[in-house]
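Protein chains in written order, with our numbering: chain X, 173 to 447; chain E, 173 to 447.
So the structure is just underneath, and the comments pick up after that.
2 protein chains.
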Amino acid sequence: MDKKTVGLSDAFKGNAAPKNFTKNPIKGTKYTIAISSAKGGVGKSTFAMNFALALKSTGSKVGILDADIYGPSLPKMMSINEKPKSEDGKSLVPINQYGIQCMSIGFLVDEETPMIWRGPMVTSAIKTFSQKVLWNDLDFIIVDMPPGTGDTQLTFSQEIKVDGVIIVSTPQEIALLDVKRGINMFDKLKVPILGLVDNMSFFQSDDGEKHNIFGEGGVEKVAVDYKKKFLGKIPIDIDLRVSADTGKPLFEKNPQHNISKIFLEIAKKIKVSFL
Amino acid sequence: MDKKTVGLSDAFKGNAAPKNFTKNPIKGTKYTIAISSAKGGVGKSTFAMNFALALKSTGSKVGILDADIYGPSLPKMMSINEKPKSEDGKSLVPINQYGIQCMSIGFLVDEETPMIWRGPMVTSAIKTFSQKVLWNDLDFIIVDMPPGTGDTQLTFSQEIKVDGVIIVSTPQEIALLDVKRGINMFDKLKVPILGLVDNMSFFQSDDGEKHNIFGEGGVEKVAVDYKKKFLGKIPIDIDLRVSADTGKPLFEKNPQHNISKIFLEIAKKIKVSFL
Numbered sequence: 173m174d175k176k177t178v179g180l181s182d183a184f185k186g187n188a189a190p191k192n193f194t195k196n197p198i199k200g201t202k203y204t205i206a207i208s209s210a211k212g213g214v215g216k217s218t219f220a221m222n223f224a225l226a227l228k229s230t231g232s233k234v235g236i237l238d239a240d241i242y243g244p245s246l247p248k249m250m251s252i253n254e255k256p257k258s259e260d261g262k263s264l265v266p267i268n269q270y271g272i273q274c275m276s277i278g279f280l281v282d283e284e285t286p287m288i289w290r291g292p293m294v295t296s297a298i299k300t301f302s303q304k305v306l307w308n309d310l311d312f313i314i315v316d317m318p319p320g321t322g323d324t325q326l327t328f329s330q331e332i333k334v335d336g337v338i339i340v341s342t343p344q345e346i347a348l349l350d351v352k353r354g355i356n357m358f359d360k361l362k363v364p365i366l367g368l369v370d371n372m373s374f375f376q377s378d379d380g381e382k383h384n385i386f387g388e389g390g391v392e393k394v395a396v397d398y399k400k401k402f403l404g405k406i407p408i409d410i411d412l413r414v415s416a417d418t419g420k421p422l423f424e425k426n427p428q429h430n431i432s433k434i435f436l437e438i439a440k441k442i443k444v445s446f447l
Numbered sequence: 173m174d175k176k177t178v179g180l181s182d183a184f185k186g187n188a189a190p191k192n193f194t195k196n197p198i199k200g201t202k203y204t205i206a207i208s209s210a211k212g213g214v215g216k217s218t219f220a221m222n223f224a225l226a227l228k229s230t231g232s233k234v235g236i237l238d239a240d241i242y243g244p245s246l247p248k249m250m251s252i253n254e255k256p257k258s259e260d261g262k263s264l265v266p267i268n269q270y271g272i273q274c275m276s277i278g279f280l281v282d283e284e285t286p287m288i289w290r291g292p293m294v295t296s297a298i299k300t301f302s303q304k305v306l307w308n309d310l311d312f313i314i315v316d317m318p319p320g321t322g323d324t325q326l327t328f329s330q331e332i333k334v335d336g337v338i339i340v341s342t343p344q345e346i347a348l349l350d351v352k353r354g355i356n357m358f359d360k361l362k363v364p365i366l367g368l369v370d371n372m373s374f375f376q377s378d379d380g381e382k383h384n385i386f387g388e389g390g391v392e393k394v395a396v397d398y399k400k401k402f403l404g405k406i407p408i409d410i411d412l413r414v415s416a417d418t419g420k421p422l423f424e425k426n427p428q429h430n431i432s433k434i435f436l437e438i439a440k441k442i443k444v445s446f447l
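Dropping the structure here:
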């Protein structure tokens, strides 16, 4: 047999070498913080909404940009059912909800309409959202990123000044692989990683027993291995899920909830790093 | 105020109208079944691996094509650490594991390397995988789709003969939104939907109590509303997660496990529809 093993360059043509780009801040905002996970379904959007509200509660002006074009969650999680207004037919006025300025592709289409778009359309949407939304004097804009390491991540990393990214993951081995890929991507694209969050850490049943449904300690271990900050653990909590499903994030509904306090702790840690 | 509300067409240029494409079957395979969810993190890959093994146990020849370029799970879930061979430097020989022919972008790169690729590169990879892999006389090829409704979904739907798609979701409201978008996409692109699976339905603690961590009954309701077949419920199960994390799917490890039996039931239902 003289079969050869095949490397990536043999199988595909192309080159992902970084070029030089001008990174512009998002107009009307001071700091851009991306919430990322590389993997979907780890509670990133729930984290983003509650984190934004926690940050607001510390006295900052906060906005959320839902950058998940294929699976926008913001309209449902924040109970927003209106279309954004425009003065000039080009720019968009963000929608205020719970004291947060919000923008999502979900404001522009019916919630059950899929955005069947190839990459360049996604890039164009992201540019519109970062350049043509009239964000009003924000301290922080929280960007809820889609899963993956593709067009949206590249556009943000190359053309937008992202001040830091928070990586959220469940402790499941298979999710951690995506976290490692995410860390390597942001390191390569020179976007600072503010820290890692272990989400859906464990589930506590009424008898007090802790169930490590998705495994244990994995995110913290990755943080140590990659020399990143570990920001905290958020357990699986039915109140947290129900509040997201019913359009009022837990932090807004009950800032005294144990889980809300964890969000506040994380928000304070992050805020301090920008002062 | 004479502000206007803004619709999608005002905000973005572009058109997703379907064109006519020639749909080719994947060479060396009889039927192509895609496993999709629109949303990530709902257990789609775990489903795909166990479903493939269950289908194999009924006497079919089965392959798995991992179409998740940004977050390949197959190498880890099936314990594959080798690079595929090639006779001619162009085509790729799938790797056999547990009696399943396997292909993944993860075979070609180190597992922690992110594929920082824009859409057209992803499309090119998908075409390579569907046209240049030497699948050997398969009855079924199971395609593990990435989340979203973008390049990969479009390429499969437009250029590859997909015989049916199974949609997997957790019962969480916010995940169901993505399911509805997914159904609308496949309906629009005229890909038959074989049915819906409710994954991570509930968690049963040792005292026998069922915890509806992600809500209850949502997937079945969507199936009824959209007139799609409901294929079954798979509870949250730590054995299932651990087996995925440790590289030997539960169905391979223990085909007599309660969860394995559910996979077998679903596999039989699907197989019957192709006889």
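From the three backbone atoms N, C-alpha and C, an ideal C-beta is built for every residue, glycine too.
**Request:** Count the other CB atoms, across all protein chains shown, that sit within 10 Å of the CB of E:F193; report buried if there are 16 or more and exposed otherwise.
**Result:** Position 21 of the second sequence, counted from the first residue, corresponds to residue 193 of chain E. Exposed, since its Cβ has fewer than 16 Cβ neighbours within 10 Å.
**Asked** For E:H383, which beta-bridge partners are listed by DSSP?
**Response** By 1-based counting over the second sequence, the position of residue 383 of chain E is 211. In the DSSP output, where bridge partners are listed per residue, E:H383 has E:F375.
**Prompt:** What do you reckon, are the CB atoms on X:S209 and X:G390 nearer than 8 Å?
**Reply:** Numbered from 1 along the first sequence, position 37 holds the residue referred to as residue 209 of chain X. Numbered from 1 along the first sequence, position 218 holds the residue referred to as residue 390 of chain X. For X:S209 and X:G390, no; Cβs fall outside 8 Å.
**Contacts that X:H383 makes with chain E (C-beta to C-beta distance below 8 Å)** = The sequence position of residue 383 of chain X within the first sequence is 211, counting from 1. Chain E residues near X:H383: F375, S377, I410.
**Message:** For a test of the three-state rule: what should DSSP assign to X:D238, helix, strand or coil?
**Reply:** The residue labelled residue 238 of chain X in the question sits at position 66 within the first sequence. X:D238 falls in the strand class under three-state DSSP.
**Residues from the segment 333-364 of chain X in contact with chain E, defined by Cβ distance under 8 Å** = T342, Q344, E345, I346, A347, L349, D350, K352, R353, G354, N356, M357, K360, L361
**Request:** Taking E:V294 as the query, report the chain X residues whose CB atoms sit under 8 Å from its CB, ordered along the chain.
**Result:** Residue mapping note: residue 294 of chain E aligns to position 122 of the second sequence, counting from 1. Chain X residues near E:V294: G291, G322.
**Prompt:** In three-state DSSP terms, what is E:V214?
**Reply:** Locating residue 214 of chain E in the second sequence gives position 42, counting from the first residue. Three-state result, E:V214: coil.
**Prompt:** Expressed to the nearest angstrom, what Euclidean distance is found between the alpha-carbon atoms of X:V305 and E:L361?
**Reply:** In the first sequence, the residue the question calls residue 305 of chain X occupies position 133. In the second sequence, the residue the question calls residue 361 of chain E occupies position 189. Each residue's Cα considered, the two are about 32 Å apart.
**Asked** Exposed or buried, X:K433, counting other C-beta atoms within 10 Å across all chains shown (16 or more means buried)?
**Response** As a position in the first sequence, residue 433 of chain X is number 261, starting the count at 1. Result: exposed.
**Message:** Could you tell me the alpha carbon to alpha carbon distance between X:K185 and E:S296, rounded to whole angstroms?
**Reply:** Within the first sequence, the letter at position 13 stands for residue 185 of chain X. Within the second sequence, the letter at position 124 stands for residue 296 of chain E. Because X:K185 sits at a pLDDT of 47, beneath the cut-off of 50, its placement in the model cannot be relied upon, and the point is left open.
**Asked** By DSSP, does X:I252 sit in helix, in strand, or in coil?
**Response** Position 80 of the first sequence, counting from 1, holds the residue named residue 252 of chain X. X:I252 falls in the coil class under three-state DSSP.
**Prompt:** Straight-line CA distance for X:S329 to X:V363?
**Reply:** Here residue 329 of chain X is taken as the residue at index 157 of the first sequence, counted from 1. Here residue 363 of chain X is taken as the residue at index 191 of the first sequence, counted from 1. The straight-line gap from Cα to Cα measures roughly 7 Å.
**Request:** State the CB to CB distance for the pair E:I198 and E:I298, rounded to an integer number of angstroms; the pair is presumed to be in contact (CB under 8 Å).
**Result:** For the purposes of this step, residue 198 of chain E is taken as residue 26 along the second sequence, with counting starting at 1. For the purposes of this step, residue 298 of chain E is taken as residue 126 along the second sequence, with counting starting at 1. Their Cβ separation, rounded to whole angstroms, is 11 Å, which puts E:I198 and E:I298 out of contact at 8 Å.
**Asked** Using the beta-carbon of each residue, which ones in chain E are nearer than 8 Å to X:L368?
**Response** Counting from 1 along the first sequence, the entry for residue 368 of chain X is found at position 196. Ordered by position in chain E, no residue passes the 8 Å Cβ test against X:L368, which lies about 15 Å from the chain.
**Message:** Does the structure place the segment 373-389 of chain E close enough to the segment 405-420 of chain E that three or more beta carbon pairs sit under 8 Å?
**Reply:** yes
**Message:** For the segment 412-424 of chain E, list every residue whose C-beta sits within 7 Å of some C-beta in chain X, in sequence order.
**Reply:** R413, A416, D417
**Request:** Check each candidate in E:K233, E:D323, E:P244 and name the one with the smallest Cα separation from E:M293.
**Result:** As a first step, residue 293 of chain E must be located in the second sequence, where it is residue number 121. It is E:D323.
**Message:** Using the three-state DSSP reduction, which class does X:G390 fall into: helix, strand or coil?
**Reply:** Here residue 390 of chain X is taken as the residue at index 218 of the first sequence, counted from 1. X:G390 falls in the helix class under three-state DSSP.
**Request:** Verify whether the separation of the beta carbon atoms of E:Y270 and E:P318 is less than 8 Å.
**Result:** Indexing the second sequence from 1 puts residue 270 of chain E at position 98. Indexing the second sequence from 1 puts residue 318 of chain E at position 146. No, the pair does not count as a contact, with Cβ atoms beyond the cut-off.
**Message:** Using the three-state DSSP reduction, which class does E:K185 fall into: helix, strand or coil?
**Reply:** Within the second sequence, the letter at position 13 stands for residue 185 of chain E. Because the pLDDT at E:K185 is just 47, under 50, the model does not fix this residue reliably, and the value given afterwards should be weighed accordingly. E:K185: coil per DSSP, three-state reduction.
**Message:** Could you tell me the alpha carbon to alpha carbon distance between E:I346 and E:V394, rounded to whole angstroms?
**Reply:** Stepping through the second sequence from its first residue, residue 346 of chain E is reached at position 174. Stepping through the second sequence from its first residue, residue 394 of chain E is reached at position 222. Going by the C-alpha atoms only, they are around 13 Å apart.
**Message:** For chain E, check one thing: does any of its Cβ atoms lie closer than 8 Å to the Cβ of X:F328?
**Reply:** Within the first sequence, the letter at position 156 stands for residue 328 of chain X. Cβ-Cβ to chain E under 8 Å: no for X:F328.
**Item:** Host beta strand (DSSP E) of X:N426 (start-end)
**Value:** As a first step, residue 426 of chain X must be located in the first sequence, where it is residue number 254. Premise fails: X:N426 is in no beta strand (DSSP E) and is neither H nor E.
**Asked** Span of the beta strand (DSSP E) holding X:K405?
**Response** Residue 405 of chain X sits at position 233 when you count from the first residue of the first sequence. Here the beta strand (DSSP E) through X:K405 covers 402-408.
**Asked** Can the beta-carbon of E:D316 be found less than 8 Å from the beta-carbon of E:D240?
**Response** Along the second sequence, read from residue 1 onward, the residue named residue 316 of chain E stands at position 144. Along the second sequence, read from residue 1 onward, the residue named residue 240 of chain E stands at position 68. With a cutoff of 8 Å on beta-carbon distance, E:D316 and E:D240 are scored as near each other.
**Request:** Just the chain E side, please: which residues come within less than 7 Å of X:T194 by C-beta, in chain order?
**Result:** Counting from 1 along the first sequence, the entry for residue 194 of chain X is found at position 22. Those do not exist, as X:T194 stays about 18 Å from chain E at its closest Cβ, beyond 7 Å.
**Asked** Helix, strand or coil: which one does DSSP assign to X:V396?
**Response** Position 224 of the first sequence, counting from 1, holds the residue named residue 396 of chain X. X:V396 falls in the helix class under three-state DSSP.
**Asked** With 16 as the cutoff for other CB atoms within 10 Å, does E:T201 come out buried or exposed?
**Response** In the second sequence, the residue the question calls residue 201 of chain E occupies position 29. Buried, by the Cβ-count rule.
**Prompt:** Using 8 Å as the limit for Cβ to Cβ distance, is X:E284 near chain E?
**Reply:** Here the question's residue 284 of chain X lines up with position 112 in the first sequence. Chain E, which has a Cβ nearer than 8 Å to the Cβ of X:E284, makes this yes.
**Message:** Using a Cβ-Cβ cutoff of less than 7 Å, which residues in the same chain neighbour X:F435 once the five nearest sequence positions on both sides are dropped?
**Reply:** Numbered from its first residue, the first sequence carries residue 435 of chain X at position 263. Correct list, in chain order: N222, F223, A226, F423.
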